[in-house]
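Heads up: the structure comes next, in structure tokens.
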Amino acid sequence: MNDCIFCKIVKGEIPNITLFENEHVLSFLDIMPAAKGHALIIPKKHYATLLDMPHDELKEVIEIVQKIAVVTMAALPEFDGFNVLQSNNEVAGQVVPHVHFHVIPRQKDDKLDFAWDQGKAEMEELKKWAELVKEKME
Ligand code: 5GP
Ligand code: ZN
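In terms of this note's numbering, the sequence shown opens at residue 1209 and continues consecutively.
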């Protein structure tokens, strides 16, 4: 996809601050960070969403997500935790349509908020949702 910002980053057409790179995966710092050390991890090949990714490449990406989280926590001791965020499609907040995982360092009283109002559901309703999903499972 020619217009994809992350494909341009992979090709070196847009500069980035790289944290890690191998044959299939690239990690670089987010240009509009939610926190110090906010990193992105992407497959080098263009896939729009998680649903499009082959399992072997996804495994490689998720391993690097963990590696980046481990080294970020070690490098930035002022942070006590982190969120891994991965959004799919515009409705879910995905702005760049090239699969990416965010690793966002967290500290007490930071102003970041990934919380939602807790919903309510009866066990019977949960069972029905589960049946719908499990029908599609191979
Ligand atoms: P999304 O909202 O799609 O989950 O996240 C896209 C992320 O990409 C945003 O956090 C945004 O700051 C980051 N981003 C967008 N364009 C660039 C860019 O050109 N360089 C870098 N390093 N990050 C970018
Ligand atoms: Zn792309």
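Cβ atoms here follow ideal geometry from the backbone N, Cα and C, with glycine treated the same way.
- [ ] From the DSSP output, in three-state form, read off threonine 1226 for me.
- [x] Working through the sequence shown from its first residue, we reach residue 1226 at position 18. Three-state result, threonine 1226: strand.
I'd like the list of long-range same chain contacts for alanine 1338, defined as Cβ closer than 8 Å, with 5 residues on each side in sequence excluded. Indexing the sequence shown from 1 puts residue 1338 at position 130. Nothing listed; no residue qualifies.
Original post:
Quick one: is valine 1233 buried, meaning 16 or more other Cβ sit within 10 Å of its Cβ, or exposed?
Top reply: Within the sequence shown, the letter at position 25 stands for residue 1233. Valine 1233 should be labelled buried.
CB contact flag (histidine 1310, glutamine 1294, <9 Å) | Taking the sequence shown and counting its residues from 1, one reaches residue 1310 at position 102. Taking the sequence shown and counting its residues from 1, one reaches residue 1294 at position 86. For histidine 1310 and glutamine 1294, yes; Cβs fall inside 9 Å.
Quiz item: If you run the structure through DSSP and keep just helix, strand and coil, what is valine 1299?
Solution: If you number the sequence shown from 1, residue 1299 lands on position 91. Of the three classes helix, strand and coil, the one that applies to valine 1299 here is helix, per DSSP.
Same chain, Cβ closer than 6 Å to glycine 1245, five either side skipped, listed in chain order | Numbered from 1 along the sequence shown, position 37 holds the residue referred to as residue 1245. So the qualifying residues of the chain are Thr1280, Leu1284 and Pro1313.
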